[in-house]
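**Q** Have a look at the structure that comes next, please.
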Amino acid sequence: MKTTHQRLYINIDHIATVRQARRGAEPVPVEAVALCERAGADGITAHLREDRRHIQDADIEAIATAVTTVFNLEIACTPEMIALAERLRPYAVTLVPERREEVTTEGGLDVAGAAPRLADALARLRAAGVRSSLFIAPDRDSIARSRDLGADAVELHTGTYAHHPHDAAPLQALRYGAQHAASAGLAVHAGHGLTTANVGPVAAIPEIEELNIGHHVIGRAIFIGLEAAVRELRAAMDAARGVDMDAARRAP
Ligand code: PXP
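The sequence shown begins at 2 in my numbering and counts up by one.
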């Protein structure tokens, strides 16, 4: 199981963060799509926040059209955003918590507190033919509730691990969480705060099918270019996963 390909989705929000710093026209997030895909990204992720602090509505339209792999749209569970997902019908939607005062998505969804709204949103996404994922802390309760609400996948929040990569507990929580989610029949994704340096132990968790990584790749791209930054990350994941990269390169 460990050698199965783990998907890498690149989150391109922070290209828009640079543009919005000047409220100008560049850099343009959609221009990253082809570069990421050429470098081996399996999908593109973008988060349209309610406050439009980075990605704008026009970016989402452009990205949805340009993607030749798959598009994972990250949104809060609000009427406006669910209606957008129904109209756009991306390959996947990841529902995330949003607080206006936060710098980034700080924790997982409150699955119990938001259950009725989440159930309605998940049913609407299913009816629209869109795969759904809930961004949650890797605890048993959130996982069981996500399954009961009918999500296709959960994305396990790796932020605690990323802040404390040398502590055993956060990594162990991700390992157990991934096992529980997979045995509950959920697809398992993970993300937040992952870098080339810390991705290995998470990439090595066999049940995790997909990683969503953004800030590190865009930051690294400033120095080595976007394609090289994606390749570097991909190589770190493959090495941890036990993929024979020479054999992969030789494959037809
Ligand atoms: N996954 C989800 C659900 C997120 O909200 C984010 C941050 O937008 C990421 C992954 C990527 O996190 P980072 O930018 O720290 O790699």
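Where a beta carbon is used, it is the ideal one built from N, C-alpha and C, also for glycine.
Going by other Cβ atoms of all chains shown within 10 Å of its Cβ, with 16 needed for buried, is V29 buried or exposed?
**A** Answer is exposed; the Cβ neighbour count stays below 16.
**Q** Taking the straight line between their C-alpha atoms, what separation do you get for R90 and D121?
**A** Whole-angstrom Cα-Cα distance: 16 Å.
**Q** Less than 8 Å between the C-beta atoms of V231 and I209, yes or no?
**A** Against a cut-off of 8 Å, the Cβ pair of I209 and V231 comes out as no contact.
**Q** What does the alpha-carbon distance come out to for the pair Y162 and E156?
**A** Each residue's alpha carbon lies about 14 Å from the other.
**Q** Using a Cβ-Cβ cutoff of less than 6 Å, which residues in the same chain neighbour L36 once the five nearest sequence positions on both sides are dropped?
**A** Excluding residues within five positions, the ones whose Cβ falls inside 6 Å are L227 and E228.
**Q** I'd like the span of the alpha helix (DSSP H) that includes Y162, first residue to last.
**A** It spans G160 to H164 - the alpha helix (DSSP H) in which Y162 sits, taken as one unbroken run.
**Q** Determine the extent of the alpha helix (DSSP H) in which V189 is found, giving its start and end residues.
**A** Looking at the DSSP string, V189 is not in any alpha helix (DSSP H); the run it does join, the beta strand (DSSP E), is A188 to G192.
**Q** My guess is that S133 and A116 are in contact by the Cβ rule of under 8 Å, so how many angstroms apart are they, rounded?
**A** Contact doesn't hold; Cβ gap of about 14 Å is too wide.
**Q** With respect to 7 Å, is the separation between the Cβ of V112 and the closest non-hydrogen atom of the ligand PXP below this value?
**A** No; taking the cut-off as 7 Å, the Cβ of V112 has no heavy atom of the ligand PXP nearer than that.
**Q** State the start and end residues of the unbroken beta strand (DSSP E) segment that holds H48.
**A** H48 -> beta strand (DSSP E) spans G44 to H48.
**Q** Got a sec? Which residues, its chain only, sit under 8 Å from H15 by beta carbon, not counting five neighbours each side?
**A** Around H15: H55, G215, H216, I219 and G220.
**Q** Need the endpoints of the beta strand (DSSP E) that Y10 sits in, please.
**A** Segment R8 to N12, the beta strand (DSSP E) holding Y10.
**Q** What's the call for D43, buried or exposed, on a 16-neighbour Cβ count within 10 Å?
**A** It counts as buried.
**Q** With a threshold of 7 Å, establish whether the CB of D52 neighbours any heavy atom of the ligand PXP.
**A** D52: no, Cβ never under 7 Å from the ligand PXP.
**Q** For T95, which three-state DSSP category applies?
**A** Looking at T95 - three-state DSSP - the assignment turns out to be strand.
**Q** Using 10 angstroms around the beta-carbon of F224, count the other beta-carbons present and answer buried if the total reaches 16, otherwise exposed.
**A** The residue in question, F224, is exposed, as its Cβ has fewer than 16 Cβ neighbours within 10 Å.
**Q** At which residue ranges does the region 69-129 contain complete beta strand (DSSP E) runs of 3 or more residues, listed in the order of the chain?
**A** DSSP runs (the beta strand (DSSP E)) wholly in the region 69-129: 72-76 and 93-96.
**Q** Using a threshold of 8 Å, state whether the C-beta atoms of R242 and G186 are closer than that.
**A** Going by C-beta atoms, R242 is not nearer than 8 Å to G186.
**Q** Are the beta-carbon atoms belonging to G160 and G194 less than 8 Å from one another?
**A** Their beta carbons are under 8 Å apart, which means G160 touches G194 by this criterion.
**Q** Which residue from N12, Q21 and R127 puts its Cα closest to that of E87?
**A** Residue R127 is the option with its Cα nearest to E87.
**Q** Within a Cβ cutoff of 7 Å, which residues of the same chain sit near A222, ignoring the five residues on either side of it in sequence?
**A** The residues are A230.
**Q** Rounded to a whole number of angstroms, what is the C-alpha to C-alpha distance between E81 and L49?
**A** Roughly 11 Å between the two C-alpha positions.
**Q** Rounded to the nearest angstrom, what separates A183 and L96 at their Cα positions?
**A** So the two alpha carbons sit approximately 19 Å from each other.
**Q** Output yes or no for whether 8 Å exceeds the beta carbon distance between A63 and V31.
**A** Closer than 8 Å, so yes.
**Q** Report the option in A84, A240, G25 and A191 whose CA atom is closest to the CA atom of V131.
**A** Per the Cα distances, A84.
**Q** Could you pull the start and end residues of the alpha helix (DSSP H) that L172 belongs to?
**A** Where L172 is concerned, the enclosing alpha helix (DSSP H) stretches over A169 to S184.
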